[in-house]
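Following: one structure in C-alpha cells, then a few remarks.
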Amino acid sequence: MKVTINLKITVLFATAFLFVCALFVLLGKVQIDSYLTNEQGRQKEIVEKIIYNLERKEDFSIHEYLLSKSFKLVENDRSAKHIIAKGEKVFRINSLYGSFSSIIYHNQIFFYVES
Numbered sequence: 613m614k615v616t617i618n619l620k621i622t623v624l625f626a627t628a629f630l631f632v633c634a635l636f637v638l639l640g641k642v643q644i645d646s647y648l649t650n651e652q653g654r655q656k657e658i659v660e661k662i663i664y665n666l667e668r669k670e671d672f673s674i675h676e677y678l679l680s681k682s683f684k685l686v687e688n689d690r691s692a693k694h695i696i697a698k699g700e701k702v703f704r705i706n707s708l709y710g711s712f713s714s715i716i717y718h719n720q721i722f723f724y725v726e727s
C-alpha cells in the first residue's frame, strides 16, 4: 500500500512540474511576441519621423539619428546579407528617400534601410 501512495505522489509531482515548465515556456513566447510587436510599432514611428525630417532638413543624417535612438549597425557584411536573405520581412515602407524594412531573424528584430 505504501508503494502506491508514493507512486501517486511522484506522478502528481511530476505532472505539476511539467505543467509549471509548460507555463514558463508559454510565458517566454508571449514575452517575445510582445517585444517584437512593440518594436515594430517603434520602427514604424521612426520611419515616419525620418521621412518627415528628410523633407524638412537637407543635412539630416539617418545614420546619426538611428544611433541616437539606440540602434546599432551590423558591422559584418556577411551577417547583414544573411539576415536580409533568411530573415522574415515584417513590413516595408517605400518613400522618395529610400526603402525601410523591418526584419525578424532568430527572435531579434532588425531595421534595414536602403537608400
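When we follow the numbering used here, the leftmost residue of the sequence shown carries the number 613, and every step to the right adds one. Quick reminder that beta carbons are idealized off the backbone N, C-alpha and C, glycines included.
Rounded straight-line distance, which links the Cα of residue j to that of residue i
i      : j      : result
GLU667 : LEU648 : 29 Å
LYS684 : GLN652 : 16 Å
HIS675 : ILE662 : 10 Å
GLN720 : ALA634 : 23 Å
LEU639 : LYS693 : 32 Å
LYS701 : SER713 : 7 Å
Secondary structure of residue i, DSSP reduced to three states
i      : result
VAL725 : strand
VAL686 : coil
GLU651 : helix
GLU700 : strand
Residue i: first and last residue of the uninterrupted alpha helix (DSSP H) it sits in
i      : result
GLU676 : 674-680
Enclosing beta strand (DSSP E) for residue i [first to last residue]
i      : result
GLY710 : 710-717
Proximity test, Cβ basis, 9 Å: residue i and chain C
i      : result
ILE721 : Here there is only one protein chain, and chain C is not present.
Nearest candidate by alpha-carbon position, reference residue i, set the options
i      : options                        : result
PHE722 : ASP671, LEU635, LYS656         : LYS656
ARG654 : PHE703, TYR717, PHE672, PHE629 : PHE703
TYR724 : ASP671, ILE658, PHE672         : ILE658
(message) Assess contact between the segment 650-667 and the segment 702-715, defined as three or more Cβ pairs (one per stretch) separated by less than 8 Å. Is contact present?
(response) yes
(message) If contact is defined by three or more beta carbon pairs under 8 Å, each pair taking one atom from either stretch, is the segment 623-633 in contact with the segment 674-684?
(response) no
(message) Tell me whether the segment 637-646 and the segment 686-701 touch, counting them as touching only if at least three CB pairs, one residue from each stretch, are closer than 8 Å.
(response) no
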